Each structure stands twice: as structure tokens, then as C-alpha cells.
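Read the structure below first, then the notes.
Residue numbers (my numbering): 157 to 480.
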């Protein structure tokens, strides 16, 4: 009788636990949708700078000669692209950029709060919580990198493509995102769609850890000073600081990823991630890893601000709707 009674109690306790499980899953799904939507919306505004950054990273590939480069910087790139290819060229690859940011950030941003809590983060500005945030961001970043890899590859290739005679980097002729995915799949199969994914994983592990951990820690610090409340000004300030941290940490990985994604199929310049790092170091020096840094920050600074602020606001709206 006692065993039956204990069994019933155990069964009833598990049923009582179900609502909290459903609530947790619902909250994670809400975070995934709002995270993806926020990053996708931000990508529309920052895409011109992403085009500039990508072209700066592939020009002068494996060469120390910096005298005859087509683009000399961010402003020069913006003016030249608009003048030579039309103003719409600054939105090349925007469909791939938005799709990539939405899909990747449903995992990276969307799952981050849940993973962070699983690891024991209580929301304070302690050193232990910073470590937990780095771990959570690394895990979700790796997942986002794998899922978004095919879209990121086509985005890079579309942004580099140009009909100009002095076009930089390897040229791939795609009509758009769907055509690019279709051409790669027909020519190389599923493995071709994930070419460069081994570079994309450390890129987003480092980038996510730097961005989300620094944002959360800066936000917690700002709130602890009593000079800020949990609103737009606090989110903006923390986002700008996070943008600077992530650009500096991520740029070398970003250069390597872009080069691997954009290299030709028949005669690849690099055999893999390590070979790419070694060749850039030998041929271009440390400057090769910092190509496009200013364009990267010019894009990632506003993108961090927009995506993280959109994310915070959409999460508040979603929470309000859930409880209304």
C-alpha cells in the first residue's frame, strides 16, 4: 500500500511539474522568435556596411601589396560601389543577410537566456556569472553557426559579386539567394552548402561569447550604479560597448570565414581553416586579419545596438502579451 501511495505521489508531482516545463518551453520559443526577428530587422539597415566589409576583406587576397587596392576605406568603398554599380548595389545579398540573421539568431539569441539560466546565472554582475554567460553564448553561437552556414556563404558571394572589370575577390554569378543555394547544391551537394562551417563555428563562438557576455555584464554594471534604469538608454550604452568588444575579438575569424566561403571550387586557395590562417599570416601579416575592421565596427556597432535593443523591446512586448 505504501509503495502504491508513494507511486501516486510521484506521479502527481510529475504532473504538477508539467506546467512549468510548458511555460519554460513557451518562453524559449518566444525568445527564439523575438531574437531572430530583431536581428533580421537590424540586418536591413546595416547591410550596406556588410557589403563594404566583405569586399575589404577579400581584396588584395594573399598579397602584401596595399598600394593598388581598389578600396581605401569605408567611405571610399561606399562611394565607389554606389557610383560604379548603382545605389542598389549597397543592398546586395540583403535577402541572404536577413535570412541568415533571422535563422542563426533564433538559436544564438533565442536560446541564450534559457541556457544561461540552466548554467545558474542569477542576473548579478559577478565574475562567476560572466563565465556562465560566456559559456552560454558560446554554446548557442556554435548552434547558430551550423544552422546558418549555407545562408552566410551565399550572402558573402552575392556581396562580393560585381560586373565591374576591377571586381575584387572570386566572382560567383548568382541571381539571388535561392539561385545561389540551388547552384551550390546541384554542383556540390549538401557538403557544398556547409563549406566553411568549421571556420564559422569558432567565428560565432568567439563573437557570441564576446557580444552577449559583454552586453549582459555591461548592462548589469550600469544598472548597479543606479545611474541607469532598465530602458533604451541603458540598452544603447551596453550595446555600443558590446559592439566594440565583439568587433575586436571576432574580426580575424570573420576574415578567415569570408575567405573560405568565397574561394573558388575548382582551384581553392585554402585547404581548410588552419591553412587559411597560416597563409594569411605568411602572405599578409597581422594586417590581413584586421582587414575591414572599421567597416566591421561601423556595421557591427549599429547592428549590435539595433538587434539587442530590438530584442529587449520585443521580449518586453512578448512578455506583456503573455500576461495580458
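Even glycine gets a Cβ: it sits at the ideal position worked out from N, Cα and C. Predicted model, so just to flag it, every value in this text is computed and none were measured.
**Message:** Nearest by alpha-carbon distance to residue 260: which of 304, 231, 201 is it?
**Reply:** 304
**Request:** Answer yes if the region 276 to 283 comes into contact with the region 298 to 318, meaning at least three C-beta pairs across the two stretches below 8 Å, and no otherwise.
**Result:** Put simply, the region 298 to 318 does not touch the region 276 to 283. Fewer than three CB pairs are less than 8 Å apart.
**Prompt:** How far does the alpha helix (DSSP H) with residue 385 in it reach, from first residue to last?
**Reply:** Premise fails: residue 385 is in no alpha helix (DSSP H) and is neither H nor E.
**Request:** Please work out which residues of its chain come closer than 8 Å, Cβ to Cβ, to residue 471, disregarding the five sequence neighbours upstream and downstream, and give them in chain order.
**Result:** 186, 187, 190
**Message:** So, with DSSP's three-state summary, where would you put residue 320?
**Reply:** coil
**Item:** Run of the alpha helix (DSSP H) containing residue 217, from where it starts to where it stops
**Value:** For residue 217, no alpha helix (DSSP H) run applies, since DSSP gives it neither H nor E.
**Asked** So, are the CB atoms of residue 210 and residue 414 less than 8 Å apart?
**Response** In this structure, residue 414 lies closer than 8 Å to residue 210 by Cβ.
**Prompt:** In three-state DSSP terms, what is residue 257?
**Reply:** Helix at residue 257.
**Asked** Taking DSSP as the reference, what is the three-state secondary structure of residue 233?
**Response** helix
**Asked** With a Cβ-Cβ cutoff of 8 Å, do residue 265 and residue 195 count as a contact?
**Response** Between residue 265 and residue 195, the C-beta spacing is below 8 Å.
**Item:** Identity of the residue in 460, 370, 463 nearest residue 286 by Cα
**Value:** 370
**Prompt:** From what residue to what residue does the alpha helix (DSSP H) around residue 270 run?
**Reply:** 268 to 274
**Request:** Would you kindly work out how many angstroms separate the C-alpha atoms of residue 372 and residue 366, rounded to a whole number?
**Result:** 10 Å
**Asked** Given that a residue counts as buried once 16 or more other Cβ atoms are within 10 Å of its Cβ, and exposed if not, what is residue 479?
**Response** exposed
**Request:** Can you say whether residue 206 is buried or exposed, counting buried as having 16 or more other CB atoms within 10 angstroms of its CB?
**Result:** buried
**Request:** Can you say whether residue 420 is buried or exposed, counting buried as having 16 or more other CB atoms within 10 angstroms of its CB?
**Result:** Result: exposed.
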